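Heads up: the protein sequence lines correspond to chains A and B, in order. Counted the way the working numbering counts, the first sequence spans residues 54 to 256. Counted the way the working numbering counts, the second sequence spans residues 216 to 377. By construction, the Cβ of each residue, glycine as well, lies at the ideal position given by its N, Cα and C atoms. These numbers come from a predicted model, not from an experiment. Accompanying notes for the structure given below.
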Amino acid sequence: MDKNSLKPEQIDILKEIGNIGMGNATTSLSKMLEEKIKMDVPEVSLISLSEVPELVGGPEKPVAVVFSKALGEVSFFIIFLMPEHSALNIIKALTDGETNEFCYMGRSVIREVGNIVGAAYLSALSFLTNYTFKQTPPILAIDMAGAILGTIFAEADLADDTLLLIKTILNTELTDFEGYLFIVPNWEKFKSIVEILGLELEE
Amino acid sequence: MITRVKIADIATQRVSGVLITVGLGSCIGTVFYDSKSITAGMAHVLLPDSTQFNSRKQNPMKYADTALPLMLDDMLKKGALKKNIVAKIAGGSKLFEFNTSDGKPEVSVGEKNIQAVKKTLKDMGISLVAEDVGGTFGRTMKLFVDTGKVEISSLEGYKKLF
């Protein structure tokens with residue numbers, strides 16, 4: 054995969070999928086939190102493996118990551134990453150202040166938030182492509198960003214050194230929360246999705 | 216001089232300074248050290264085996280079987296002698312519980328990486344003198360070039376010096 058393999062219109066399509074998916078996700082999250090959530094326009098980039106931790110504040114930054122795989126005609130990874138303090142804030146907000154630590158309850162809250170975001174993204178993608186996806190149960194790790202992302206890339210058996218990343222940042226004022234959604238598709242297969250969407254757009 | 220080693224990266228350095236790699240999860244940090252010539256090397260490998268991806272052009276620093284010989288070459292060029300070089304490793308942890316389709320736990324990539332690094336060292340004839348591997352947490356690995364000492368730390372305050 055090289056940097057020239059993405060055309061501007063394909064990047065636009067990927068951004069749009071990101072937009073719609075995250076739009077769904079923020080709606081659900083904002084209902085849960087009872088406050089507005091701001092969402093940045095998704096960024097689509099081709100980036101080297103080793104640079105990914107830099108995007109979220111460096112490899113040593115403590116983060117909570119909810120990870121699941123979307124399996125279907127096209128498979129990809131859904132990674133929802135929150136800085137540790139954001140994760141703690143959202144636990145506190147969603148448990149009405151009852152807990153603000155990574156206990157059993159706190160961990161389930163975080164997993165559920167990741168699940169909602171991932172599922173919203175997938176349902177948007179399904180809607181646009183008519184593909185169906187099966188999402189694996191989300192799993193959670195809380196550790197250094199570099200350690201978690203490295204582990205995910207290794208488990209993925211990623212043969213490429215370059216990843217296609219769709220990154221969206223969410224943030225809220227009241228809860229002081231920030232989250233990053235990364236979609237890491239297998240580019241070869243993801244192309245067919247982009248093509249389907251591209252054809253539809255041309256009609 | 217502090218040199219940072221990223222994922223799928225190698226660095227070698229002589230006499231003084233620190234080599235550091237941050238955030239080893241299932242990845243393995245391997246250091247080579249020759250105390251006679253004071254030459255140090257550090258590699259951060261992501262995956263065990265390059266041969267399963269031989270159809271495509273690859274970054275050899277990503278795999279245990281290709282990164283370690285490269286690091287050795289680099290050190291020999293800097294004046295190290297192979298017979299003086301010893302190895303220390305850290306990482307190979309299991310941060311997530313991945314299950315296979317039939318619900319049984321998989322052998323983690325971390326575990327595969329540990330085995331692959333050990334096998335590569337054995338094939339190369341380099342002795343492994345210390346290790347801090349496995350577990351369920353990420354590690355940061357520092358190598359002090361002047362002494363050859365390695366310091367391991369984690370977010371939870373875990374520390375180890377060897």
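For T335/B, the enclosing alpha helix (DSSP H) begins and ends at 324 to 339. Listed in chain order, the non-local C-beta contacts of T351/B below 7 Å within the same chain comprise S308, K309, L310, local neighbours out to five positions each way being set aside.
What E165/A touches in chain B, judged by beta-carbon distance under 9 Å, is nothing: the nearest beta carbon there is about 17 Å away. For F129/A, the beta-bridge partners assigned by DSSP are A123/A, P238/A. In summary, I163/A is buried, with 16 or more beta-carbon neighbours lying within 10 Å of its beta-carbon over all protein chains present. The region 226 to 240 of chain A and the region 152 to 163 of chain A do not touch, with fewer than 3 CB-CB distances between them shorter than 8 Å. In the displayed model, F180/A falls within a helix according to three-state DSSP. For G306/B, the enclosing beta strand (DSSP E) stretches over residues 300 to 306. Among the residues facing chain A, G240/B is included, as its CB has a counterpart in that chain under 8 Å away. By alpha-carbon distance to L147/A, the top candidate from L82/A, N77/A, L67/A is L82/A. Straight-line spacing of the CA atoms in G76/A and K364/B works out to 51 Å. With contacts defined by Cβ atoms closer than 8 Å, M85/A and G238/B do not form a contacting pair.
Sorting L358/B, R354/B, T362/B by C-alpha distance to the C-alpha of Y373/B places R354/B at the top.
By DSSP's assignment, F186/A forms a beta bridge with G125/A. Taking 8 Å as the cut-off, the beta carbon of I304/B is found closer than this to the beta carbon of V348/B. Neighbours of P95/A across chain B, judged by C-beta separation under 9 Å, do not exist; the nearest C-beta is about 24 Å away. When secondary structure is reduced to three states using DSSP, M85/A falls in the helix class. F129/A is not a Cβ neighbour of I205/A, given a cutoff of 8 Å. Under the three-pair Cβ rule at 8 Å, the region 94 to 109 of chain A counts as touching the region 221 to 229 of chain B.
Beta-bridge analysis with DSSP links Y278/B to L262/B. With respect to chain A, the C-beta atom of G353/B has a partner C-beta closer than 8 Å. For P115/A, the nearest beta carbon of chain B is closer than 8 Å to its own beta carbon. For the region 226 to 239 of chain B, the residues whose beta carbon sits under 7 Å from a beta carbon of chain A are, in order, V237, G238, L239. Distances from the alpha-carbon of N142/A to those of F186/A, F133/A, N153/A, L134/A put N153/A closest.
Judged by DSSP secondary structure, I144/A falls within the alpha helix (DSSP H) whose first and last residues are 137 to 147. Interface residue (Cβ-Cβ distance to chain B less than 8 Å): I73/A is not classified as such. Straight-line measurement puts the Cα of G232/A at about 11 Å from the Cα of I90/A. Chain-order list of chain A residues neighbouring V324/B: T204, A207, E208, by C-beta distance under 8 Å.
Contact note: F120/A reaches chain B through F311, using a C-beta cutoff of 9 Å and chain order.
Straight-line measurement puts the Cα of F133/A at about 38 Å from the Cα of L287/B.
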